[in-house]
Structures are given as structure tokens and as C-alpha cells.
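Per numbering that gives the first Met the number 0: the sequence shown = residues 0 to 115.
Backbone N, C-alpha and C fix where the C-beta goes; we use that ideal spot for every residue, glycine too.
Some notes on the structure that comes next.
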Amino acid sequence: MNPGELKHRIRIQQKTKNIDNKGHPVETWVDFGATQERPEVFRWAKWVWLHGNEFYAAAAVQSKATANVTIRYTPGLTSEMSVLYKGKRYGILPPIDNIREENKIITFKVYIVEEG
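Have a look at this one:
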């Protein structure tokens, strides 16, 4: 893959459970791989919106897929996580494909998460 194609900034997030100051459980999204010193972790991705035949094929099987995403290999990435892109949250659809099992590039499909 040409590294110049990884031109979209995304954040991969995982859901965490904490306790608020009143003792109630609260679920929040935290950047995958974040630390106290670096709470926001941006990754470079190739983001391709589904269109044409791919879009109609996804619609025919009632798939939620809206885009294909390609990133550098990230161990531990699961479909339970989400992607933030341009201020919107996207869910990750399985399978997450580690291309040729080389641990260099991962591709997956995402869908828009309806807030509310």
C-alpha cells in the first residue's frame, strides 16, 4: 500500500466503564492506546465511501456498511470498538481483515452510529 493513501485522521475508541462522583456506573469512549500523557490517539487511514455496485450490494443484503477503512496493523482491534471520523461515530463491522496475515495493514467496514 502507498502510505500517501493514508490521509484521513481517525480515532479508534473503546468503551470503558467508570464510576461517577455520585457512585453511578458511567460508560465512556476512550481512545484505543491512550495514556494519561496522550489521551487522544489519532491514526492515519484510507477512508473510501461505498458507492456504485458495492453500495447496492450492501443494501441488497441490508448491510449497514457505509465505508471501507484501511489502517496500519493495530493489534487488539475488535468490532466492539468504534471509529471517530469528522466528528461522527462509526461502528466497526466484522470481519477485521489482517491482509495476508502479514501484520502490516488492516481493512474493515464501518457504519454510521445513530446517536440518541
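Item, Value
"Under the rule that 16 or more other beta-carbon atoms within 10 Å means buried, what is T34, buried or exposed?", "exposed"
"Any C-beta of chain D sitting closer than 8 Å to the C-beta of Y84?", "As a matter of chain content, chain D is missing from the structure shown, which is built from one protein chain."
"If you drop the 5 nearest sequence neighbours on each side, which residues of the same chain put their C-beta closer than 7 Å to that of N17?", "V25, T27"
"Helix, strand or coil: which one does DSSP assign to R37?", "coil"
"I'd like the span of the beta strand (DSSP E) that includes A66, first residue to last.", "66-71"
"So, helix, strand or coil for G90, using DSSP?", "strand"
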